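Colleague: Line order of the protein sequences matches chains A and B.
Reminder that position 426 of the first sequence reads as 426 in full-length UniProt numbering, one-by-one numbering, no gaps.
Reminder that position 348 of the second sequence reads as 348 in full-length UniProt numbering, one-by-one numbering, no gaps.
For every residue, glycine included, the Cβ atom is placed at its ideal position computed from N, Cα and C.
From a predicted model like this one, the values you see are computed outputs, not experimental measurements.
My questions will all concern the structure given below.
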Amino acid sequence: MAGGAREVLTLQLGHFAGFVGAHWWNQQDAALDRSGDAKEPPGELCPDVLFRTGRTLHGQETYTPRLILMDLKGSLSSLREEGGPYRDRQLDAAIAWQGKLTTHKEELDPKNPYLQDLLSAEGVLSSDGVWRVKSIPKGKGPPPVTAAKPVIPLEGGVRVWSDFLRVHLHPRSICMIHKYNHEGEAGRLEAFGQGESVLKEPGYLEMLEDRLHFYVEECDYLQGFQILCDLHDGFSGVGAKAAELLQDEYSGRGIMTWGLLPAPYNLGEPQKNIYRLLNTTFGLVHLAAHSSLVCPLSLGGSLGLRPERPVSFPHLRYDATLPFHCSAILATALDTLTAPYRLHCAPVSMAHLADMLSCAGKKVVTAGASIPFPLGPGQSLPDTLMQFGGATPWTPLSACGDPCGTRCFAQSVVLRGVDRACHTSQLPPGTPLPSPLHACTTGEDVLAQYLELQEPRALSSSHLLRSPCSVAPPYPHLFSSCSQQAVDSIPVFGALCSSSSLHRTLAGLARELTKLDLRRWASFMDAGVELDDVQELLQDLHSLAQCYQEGDGLTD
Amino acid sequence: MASIKAVNTKAEVARAQAALAVNICAARGLQDVLRTNLGPKGTMKMLVSGAGDIKLTKDGNVLLREMQIQHPTASLIAKVATAQDDITGDGTTSNVLIIGELLKQADLYISEGLHPRIIAEGFEAAKIKALEVLEKVKVGKEMKREILLDVAKTSLRTKVRADLADVLTKAVVDSVLAIRRPGYPIDLFMIEIMEMKHKSETDTKLIRGLVLDHGARHPDMKKRVEDAFILTCNVSLEYEKTEVNSGFFYKTAEEKEKLVKAERKFIEDRVQKIIDLKDKVCDKSSKGFVVINQKGIDPFSLDTLAKHGIVALRRAKRRNMERLSLACGGIAVNSLEDLSVDCLGHAGLVYEHTLGEEKFTFIEDCINPRSVTLLVKGPNKHTLTQTKDALRDGLRAIKNAIEDGCVVPGAGAVEVAIAEALIKYKRKIKGGARLGVQAFADALLIIPKVLAQNSGYDLQETLVKVQAEHVESKQLVGVDLNTGEPMVAEDARVWDNYCVKKQLLHSCTAIATNLLLVDEIMRAGMSSLKG
Numbered sequence: 001m002a003g004g005a006r007e008v009l010t011l012q013l014g015h016f017a018g019f020v021g022a023h024w025w026n027q028q029d030a031a032l033d034r035s036g037d038a039k040e041p042p043g044e045l046c047p048d049v050l051f052r053t054g055r056t057l058h059g060q061e062t063y064t065p066r067l068i069l070m071d072l073k074g075s076l077s078s079l080r081e082e083g084g085p086y087r088d089r090q091l092d093a094a095i096a097w098q099g100k101l102t103t104h105k106e107e108l109d110p111k112n113p114y115l116q117d118l119l120s121a122e123g124v125l126s127s128d129g130v131w132r133v134k135s136i137p138k139g140k141g142p143p144p145v146t147a148a149k150p151v152i153p154l155e156g157g158v159r160v161w162s163d164f165l166r167v168h169l170h171p172r173s174i175c176m177i178h179k180y181n182h183e184g185e186a187g188r189l190e191a192f193g194q195g196e197s198v199l200k201e202p203g204y205l206e207m208l209e210d211r212l213h214f215y216v217e218e219c220d221y222l223q224g225f226q227i228l229c230d231l232h233d234g235f236s237g238v239g240a241k242a243a244e245l246l247q248d249e250y251s252g253r254g255i256m257t258w259g260l261l262p263a264p265y266n267l268g269e270p271q272k273n274i275y276r277l278l279n280t281t282f283g284l285v286h287l288a289a290h291s292s293l294v295c296p297l298s299l300g301g302s303l304g305l306r307p308e309r310p311v312s313f314p315h316l317r318y319d320a321t322l323p324f325h326c327s328a329i330l331a332t333a334l335d336t337l338t339a340p341y342r343l344h345c346a347p348v349s350m351a352h353l354a355d356m357l358s359c360a361g362k363k364v365v366t367a368g369a370s371i372p373f374p375l376g377p378g379q380s381l382p383d384t385l386m387q388f389g390g391a392t393p394w395t396p397l398s399a400c401g402d403p404c405g406t407r408c409f410a411q412s413v414v415l416r417g418v419d420r421a422c423h424t425s426q427l428p429p430g431t432p433l434p435s436p437l438h439a440c441t442t443g444e445d446v447l448a449q450y451l452e453l454q455e456p457r458a459l460s461s462s463h464l465l466r467s468p469c470s471v472a473p474p475y476p477h478l479f480s481s482c483s484q485q486a487v488d489s490i491p492v493f494g495a496l497c498s499s500s501s502l503h504r505t506l507a508g509l510a511r512e513l514t515k516l517d518l519r520r521w522a523s524f525m526d527a528g529v530e531l532d533d534v535q536e537l538l539q540d541l542h543s544l545a546q547c548y549q550e551g552d553g554l555t556d
Numbered sequence: 001m002a003s004i005k006a007v008n009t010k011a012e013v014a015r016a017q018a019a020l021a022v023n024i025c026a027a028r029g030l031q032d033v034l035r036t037n038l039g040p041k042g043t044m045k046m047l048v049s050g051a052g053d054i055k056l057t058k059d060g061n062v063l064l065r066e067m068q069i070q071h072p073t074a075s076l077i078a079k080v081a082t083a084q085d086d087i088t089g090d091g092t093t094s095n096v097l098i099i100g101e102l103l104k105q106a107d108l109y110i111s112e113g114l115h116p117r118i119i120a121e122g123f124e125a126a127k128i129k130a131l132e133v134l135e136k137v138k139v140g141k142e143m144k145r146e147i148l149l150d151v152a153k154t155s156l157r158t159k160v161r162a163d164l165a166d167v168l169t170k171a172v173v174d175s176v177l178a179i180r181r182p183g184y185p186i187d188l189f190m191i192e193i194m195e196m197k198h199k200s201e202t203d204t205k206l207i208r209g210l211v212l213d214h215g216a217r218h219p220d221m222k223k224r225v226e227d228a229f230i231l232t233c234n235v236s237l238e239y240e241k242t243e244v245n246s247g248f249f250y251k252t253a254e255e256k257e258k259l260v261k262a263e264r265k266f267i268e269d270r271v272q273k274i275i276d277l278k279d280k281v282c283d284k285s286s287k288g289f290v291v292i293n294q295k296g297i298d299p300f301s302l303d304t305l306a307k308h309g310i311v312a313l314r315r316a317k318r319r320n321m322e323r324l325s326l327a328c329g330g331i332a333v334n335s336l337e338d339l340s341v342d343c344l345g346h347a348g349l350v351y352e353h354t355l356g357e358e359k360f361t362f363i364e365d366c367i368n369p370r371s372v373t374l375l376v377k378g379p380n381k382h383t384l385t386q387t388k389d390a391l392r393d394g395l396r397a398i399k400n401a402i403e404d405g406c407v408v409p410g411a412g413a414v415e416v417a418i419a420e421a422l423i424k425y426k427r428k429i430k431g432g433a434r435l436g437v438q439a440f441a442d443a444l445l446i447i448p449k450v451l452a453q454n455s456g457y458d459l460q461e462t463l464v465k466v467q468a469e470h471v472e473s474k475q476l477v478g479v480d481l482n483t484g485e486p487m488v489a490e491d492a493r494v495w496d497n498y499c500v501k502k503q504l505l506h507s508c509t510a511i512a513t514n515l516l517l518v519d520e521i522m523r524a525g526m527s528s529l530k531g
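Set out below in structure tokens:
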């Protein structure tokens, strides 16, 4: 295998996607090896897959996410479009005007205490900005470089994702859609059609193409793209169009799409709910058509009109109304699920992973994760796995209902954060083995055997990683079991699987869509979607659902 | 009580006078914001976002897009004004000013009891007359370089400072002339605008060729090639391992090795074809050979190409492929099978420039290029953006002038002339509509008035002088912003686009009439979709 990382470019479309992304990048950042010690063996996950090295105009080396994110006007808060190390040094040097000049300053968004703490820890680098409002809190002497107690962002203090983002972004990462407002009543990006038309405008299309080009051109072995895309609003249309563009332009690369939905919905707002349903359905079908694999991710109970209780985790306490919490959990799952194509050695390429899971057109998959993986002290992996019994070990994260009693066609499973010593049974020789799992000699075997027992007919691939998921602050403190202690990292057990429960979900979506009187929602249609499109969509949805029908002779 | 209240108690309603007041207030509010922008002596606005991002602008269009306008009427006017920019590329500020002024003038009469409908009729009649006058005063000329320079200068002087405007003027006119082909419409897409954060904004220049924002990815490739053949192609030169890796195709390690080799050979053959062509055309001469590929080229292929002295660029942008063949000649090939000398383009000089992590490849000295690049330079982001916005407007102004085949005198001269003609015309109109015509004439004068005011002159005094001069000399007289005195716009070589003025008259009348005729504003749980 040729050297060099197999690069992945990430696209983050939408505000909730920004939340998930911010948590995810924070986790990546925490996992980076900061010591710079070459002798230490590199981690199992290769950060170069997601990050790129660069150099600013001032010659400073940078290591920033290979990322393009799109969000609406007014959503960045205190994050600057051109920020971090790439900022211009001489700002007021030249203003190309000799006449009168008036300045209109928006009220500067105060940086929350967490960000201020972060800035002060970085020292002078960021504090020389001309336009910074508040510099490091004065009167406390030199800034504490290694703060004894890191400030954890307050749940209430997080309004937008940039409030807790730790990593610096490359100036080419941020694409603002100025046509629509993030907040307020007027000018929202609400419908699929609006989103599609954003990327039909030459201005925005060119902006996206330029940025794609910048990141892709420097990749030697690009393996694909991962798209994190909001499904509930107009960004589903942006995502669909972006996926189409990628498929056209970079054929042969994997395109992994994660459709994100923030959890709770109010029954009280029928219009919002209908819009959400329409956007989700349109998004899901179009994304499935243009990407290698689509996985909806949500903590909500269902994708349909009727909201169900958000899912619960046995060892987590979270507030489903806070995007800050929900996105943290989804990011953890994402960090685990994407591990196969981010490995240092013998990675499964994204396209291959997608091929394995999506045989016979099953391009939509569900995700599940057990966060944290309940490995008790002194327990070995076989013990823990046997505890689950026949039940599914993971909590479903795709809002497709309970996976119980459904059939799994193919799955990719990752277990990370389990110490090598615990991989196999430590029973003294001679004791009767409680299960066949205890007889396996390696952790990988244990896992494979377990999957075989659970889903004997499924095509499974499994990965066992030693490195855990990092949950250092600003990750919210969600763990109920180890209440007081600060947790830095947790073991996670995650799975992507294409299961027959999707048949029910997709068919359900189609049923709800048929029942809608679309003429009542003329405003949705005005934005560029026609009645014929809806008919076509229904057809596509039905045929997609058909792929997941149980018991068709072909797959056996 | 409005009937809507019976159905929806939350509905908010404003009726008759109140509704009109709301609309007029919004229009004047918007007018106040943009008023100071007009003309070369207008104020520059610096917008500082909440996070500290800077935007410097003087362009009404940019301002309206940046402002988060929440008032529905204001947002309506802003949309009309920005639509004006989308159609003609200029006139946003004038649009907002005239709409505001039309409503203000109308308000004077309405408060004295005149029905808005009658004013609207007057507006309509006045618009028709105004368009007639515009037809009469337009100056049809052959669009030579000199007059285009004047048009571009008039447009650019209002966007950026004078010395920069002069630099941009030349660049813009020459670029349009370079891509202009008799008998074909002008395609501004053939002018690439490339930005480089480097030096100062007055270093912005026209490159008669192409600038690509990426470079060769191999350390051994030459940074400078003279007299080079250019091969543009859309062929993958990268070995995609995915198919072989999937494990279904091989059983043993040797078999895998063999498959990998076969796969690799396939790509190597393609590379060899390019090398063969290079050897054939260059034939030991000192000529260079540059490959620009839309698809990827992997490090192995790059290495092989570098060994044979070929400079290769990968992943060129789709939109640049067309420009490349227009700039250098040659044909973009999609398959290496039919590769021949005829496919090759030519450039006198190809060189690379590195700025931090970014590389730029200049392809210059092309023979008769039909696609050119405007290279925008500037020390920081906001200067680049500002210059780029100005260039776009300049290009549009020239395109408009060429397509119209005529220009109209600027500096407020046209408005003064139209107002004068309308006052005469008014006498022929019977009834209240006459007042509408009067209002229209007065409203148009906002343009010379604001021009004078922004330059620091007394607006009434200047206007009277200009009007007197106009009547006396029978020439088109505008305001000289350097002296505050009247000047003949034609002699001062201040030219505006005909189509911009025409569009202005149309859209301002339409929107002002609509707003006048609104007698009820309801707000009842409307979807915000239309914003």
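Show which residues of chain D have a CB atom less than 7 Å away from the CB atom of B/L355.
Modeller: Annotation note: the requested chain D is absent from the structure, which comprises protein chains A and B.
Colleague: If distances are taken between C-alpha atoms only, which option among A/D383, A/E61, A/L287 comes closest to A/H168?
Modeller: As a position in the first sequence, residue 168 of chain A is number 168, starting the count at 1. A/H168 has its Cα closest to that of A/E61, out of A/D383, A/E61, A/L287.
Colleague: For the beta strand (DSSP E) holding B/A347, just list the boundary residues, first then last.
Modeller: Taking the first residue of the second sequence as position 1, residue 347 of chain B is located at position 347. It spans 345-355 - the beta strand (DSSP E) in which B/A347 sits, taken as one unbroken run.
Colleague: Report the CB separation of A/S489 from A/C469 in whole angstroms; it is logged as a contact under 8 Å.
Modeller: Position 489 of the first sequence holds residue 489 of chain A. Position 469 of the first sequence holds residue 469 of chain A. Between A/C469 and A/S489 the Cβ distance is about 6 Å, and since that is below 8 Å, they are a contact.
Colleague: Less than 8 Å between the beta carbons of A/R511 and A/S467, yes or no?
Modeller: On the first sequence, position 511 is the one that residue 511 of chain A refers to. On the first sequence, position 467 is the one that residue 467 of chain A refers to. No, Cβ-Cβ distance for A/R511 and A/S467 is not below 8 Å.
Colleague: Identify every run of the alpha helix (DSSP H) within the region 294-335 of chain B, keeping only runs that are complete inside it and at least 4 residues long; order them along the chain.
Modeller: Those alpha helix (DSSP H) runs which fall completely within the region 294-335 of chain B and span 4+ residues are 299-307, 318-328.
Colleague: Helix, strand or coil for B/L149 per DSSP?
Modeller: Translated into the one-based positions of the second sequence, residue 149 of chain B becomes position 149. If DSSP states are grouped into helix, strand and coil, B/L149 belongs with the helices.
Colleague: Which runs of the alpha helix (DSSP H) at least 4 residues long sit entirely within the region 378-406 of chain B? Give them in chain order.
Modeller: For the region 378-406 of chain B, whole alpha helix (DSSP H) runs of length 4 or above, ordered along the chain, are 381-404.
Colleague: Ordered along the chain, which non-local residues of its own chain (more than five positions away) have a Cβ less than 7 Å from that of B/A130?
Modeller: Counted from its first residue, the second sequence places residue 130 of chain B at position 130. Around B/A130: I418, L422, L505.
Colleague: Kindly indicate if chain B contains any beta-carbon less than 8 Å away from that of residue 597 of chain A.
Modeller: With chain A covering only 1 through 556, there is no way to say anything about residue 597 of chain A.
Colleague: In chain A, which residues lie with their C-beta within 7 Å of the C-beta of residue 581 of chain B?
Modeller: Within the shown structure, residues of chain B are numbered from 1 to 531, placing residue 581 of chain B beyond reach of any answer.
Colleague: Just verifying my parser: in three-state terms, what is the DSSP assignment at A/S498?
Modeller: Position 498 of the first sequence, counted from the first residue, corresponds to residue 498 of chain A. A/S498: strand per DSSP, three-state reduction.
Colleague: Would you mind reading off the limits of the beta strand (DSSP E) that contains B/K359?
Modeller: Residue 359 of chain B sits at position 359 when you count from the first residue of the second sequence. Run containing B/K359: 358-364, per the beta strand (DSSP E) assignment.
Colleague: So the candidates are B/D220, B/E352, B/I147, B/E192; which of them puts its Cα closest to the Cα of A/D210?
Modeller: Residue mapping note: residue 210 of chain A aligns to position 210 of the first sequence, counting from 1. Checked all of B/D220, B/E352, B/I147, B/E192; the closest Cα to A/D210 is B/E192.
Colleague: Alpha carbon to alpha carbon, how far is A/H286 from A/G361? Give it in angstroms, no decimals.
Modeller: Counted from its first residue, the first sequence places residue 361 of chain A at position 361. Counted from its first residue, the first sequence places residue 286 of chain A at position 286. If I take the Cα positions, the gap works out to 14 Å.
Colleague: If you reduce the DSSP assignment to three classes, tell me which class A/C345 lands in.
Modeller: Along the first sequence, one-based indexing puts residue 345 of chain A at 345. Residue state, collapsed to three classes: coil.
Colleague: Determine, using beta carbons only, whether B/L374 and B/L206 come nearer to each other than 8 Å.
Modeller: Counting from 1 along the second sequence, the entry for residue 374 of chain B is found at position 374. Counting from 1 along the second sequence, the entry for residue 206 of chain B is found at position 206. Against a cut-off of 8 Å, the Cβ pair of B/L206 and B/L374 comes out as a contact.
Colleague: Hey, which unbroken runs of the alpha helix (DSSP H) at 4 residues or more fall wholly within the region 174-236 of chain A?
Modeller: Fully enclosed alpha helix (DSSP H) runs of 4 or longer: 192-198, 202-217.
Colleague: Could you tell me the distance, in whole angstroms, from the CA atom of B/S325 to the CA atom of A/K179?
Modeller: For this step, residue 325 of chain B is matched to residue 325 along the second sequence. For this step, residue 179 of chain A is matched to residue 179 along the first sequence. B/S325 and A/K179: Cα-Cα distance of roughly 34 Å.
Colleague: Have a look at A/L76 and B/V479 and give me their C-alpha separation to the nearest angstrom.
Modeller: Numbered from 1 along the first sequence, position 76 holds the residue referred to as residue 76 of chain A. Numbered from 1 along the second sequence, position 479 holds the residue referred to as residue 479 of chain B. Computed Cα separation, rounded: 44 Å.
Colleague: Of all the options B/P299, B/I429, B/A152, which has the alpha carbon lying nearest to the alpha carbon of B/K144?
Modeller: Counting from 1 along the second sequence, the entry for residue 144 of chain B is found at position 144. Of the listed residues, the one whose Cα sits closest to B/K144 is B/A152.
Colleague: What's the C-alpha gap between A/N26 and A/L299?
Modeller: Your numbering for residue 26 of chain A matches position 26 in the first sequence. Your numbering for residue 299 of chain A matches position 299 in the first sequence. Approximately 20 Å between the Cα atoms of the pair.
Colleague: My understanding is that A/V446 touches A/T431, with C-beta atoms under 8 Å, so please give their C-beta distance in whole angstroms.
Modeller: The residue labelled residue 446 of chain A in the question sits at position 446 within the first sequence. The residue labelled residue 431 of chain A in the question sits at position 431 within the first sequence. The Cβ separation is near 17 Å, so there is no contact.
Colleague: Can you give, in chain order, each stretch of the alpha helix (DSSP H) that sits fully within the region 242-281 of chain A and has at least 4 residues?
Modeller: As far as the region 242-281 of chain A is concerned, it has no whole alpha helix (DSSP H) run of at least 4 residues.
Colleague: Counting along the chain, where does the beta strand (DSSP E) carrying B/N23 start and finish?
Modeller: Within the second sequence, numbered from 1, the residue matching residue 23 of chain B stands at position 23. No beta strand (DSSP E) holds B/N23; the alpha helix (DSSP H) holding it covers 16-35.
Colleague: Please confirm whether B/K287 has its beta-carbon closer than 8 Å to some beta-carbon of chain A.
Modeller: Position 287 of the second sequence, counted from the start, is the residue given in the question as residue 287 of chain B. Answer no: the Cβ-Cβ gap between B/K287 and chain A never drops below 8 Å.
Colleague: Quick one: is B/C499 buried, meaning 16 or more other Cβ sit within 10 Å of its Cβ, or exposed?
Modeller: Looking up residue 499 of chain B in the second sequence gives position 499. By the 10 Å Cβ count, B/C499 comes out buried.
Colleague: In chain order, what residues of the same chain have a beta carbon less than 6 Å from the beta carbon of A/D37, not counting five sequence neighbours either side?
Modeller: Here residue 37 of chain A refers to the residue found at position 37 when the first sequence is read from its first residue. In this prediction, A/D37 has a pLDDT of 48, which is less than 50 and means its spatial position is unreliable; what the coordinates show is noted afterwards. There are no such residues.
Colleague: Using a Cβ-Cβ distance cut-off of 8 Å, determine whether A/E217 contacts chain B.
Modeller: Counting from one through the first sequence, the residue named residue 217 of chain A turns up at place 217. Yes, A/E217 lies at the interface with chain B (some Cβ there is under 8 Å from its Cβ).
Colleague: Please report the distance separating the alpha-carbon of B/F360 from that of A/S462.
Modeller: Numbered from its first residue, the second sequence carries residue 360 of chain B at position 360. Numbered from its first residue, the first sequence carries residue 462 of chain A at position 462. Each residue's Cα considered, the two are about 45 Å apart.
Colleague: Could you name the residues of the region 42-60 of chain B whose beta carbon sits closer than 8 Å to any beta carbon of chain A, in the order they occur along the chain?
Modeller: Within the region 42-60 of chain B, the residues whose Cβ lies closer than 8 Å to some Cβ of chain A are G42, T43, M44, K45, M46, L47, V48, S49, G50, A51, G52, D53, I54, L56, K58, listed in chain order.
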